[in-house]
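Take a look at the structure set out below.
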Ligand code: MG
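Residue numbers (our numbering): 81 to 241.
What follows is the structure, encoded as structure tokens:
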């Protein structure tokens, strides 16, 4: 078959102090996501979706948090490296679809900027990247604003077809 799909999931804890780095965009709110890298859960979920589609390991294997070089790392760089890794195996990204589950902030004003940033890293046009924002209807840890979760799906195709 000439196409495959992969899924990725990530979540990070929200802490005081901005900006919030999400989808490769810095959102000017007084909150941020903790993590060994820049905490960009959207980029992390998408990186795992891309790698998963090609059965090419996962983000934790390629960029371990025990590695000092990954501290504070720009997560878009990890996404670019994942795309490069699957490219070496004869795959390119076709499209990506992302759902962000966050009680706040509202993501709609930043959605197009995220699509453009992620598309650049994925090597596709912005119209091949979808970002959807959901709340958790006030339920659980997401509803209490303790963190943000993200689910991403990526489709990849063979470069030789
Ligand atoms: Mg992560």
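Don't be surprised by glycine CBs; every beta carbon is placed ideally from N, CA and C. Please read these numbers as outputs of a predicted model, since none were measured by experiment.
Contact set for residue i: own chain, Cβ-Cβ below 6 Å, skip 5 residues either direction
{"i": "residue 190", "result": "105, 107"}
{"i": "residue 138", "result": "128, 131"}
{"i": "residue 110", "result": "98"}
{"i": "residue 175", "result": "208, 235"}
Supposed contact pair residue j and residue i - C-beta distance, whole angstroms, cut 8 Å
{"i": "residue 88", "j": "residue 132", "result": "6 Å"}
{"i": "residue 130", "j": "residue 173", "result": "6 Å"}
{"i": "residue 181", "j": "residue 222", "result": "6 Å"}
{"i": "residue 145", "j": "residue 116", "result": "4 Å"}
{"i": "residue 120", "j": "residue 93", "result": "Their Cβ separation, rounded to whole angstroms, is 13 Å, which puts residue 120 and residue 93 out of contact at 8 Å."}
{"i": "residue 134", "j": "residue 231", "result": "Contact flag wrong, Cβ pair sits at about 19 Å."}
{"i": "residue 199", "j": "residue 205", "result": "6 Å"}
Chain-order list of residues whose beta-carbon lies under 7 Å from that of residue i (same chain, five-residue window excluded)
{"i": "residue 240", "result": "170"}
Classification of residue i by the beta-carbon crowding that lies within 10 angstroms, buried from 16 upward
{"i": "residue 127", "result": "buried"}
{"i": "residue 245", "result": "No statement about residue 245 is possible, as the shown extent of the chain runs from 81 to 241 and does not include it."}
{"i": "residue 219", "result": "exposed"}
{"i": "residue 164", "result": "exposed"}
Ligand 1 heavy atom lying under 7 Å from the CB of residue i
{"i": "residue 184", "result": "no"}
{"i": "residue 206", "result": "no"}
{"i": "residue 121", "result": "yes"}
What are the complete beta strand (DSSP E) segments, minimum 3 residues, inside the segment 190-214?
-> 209-214
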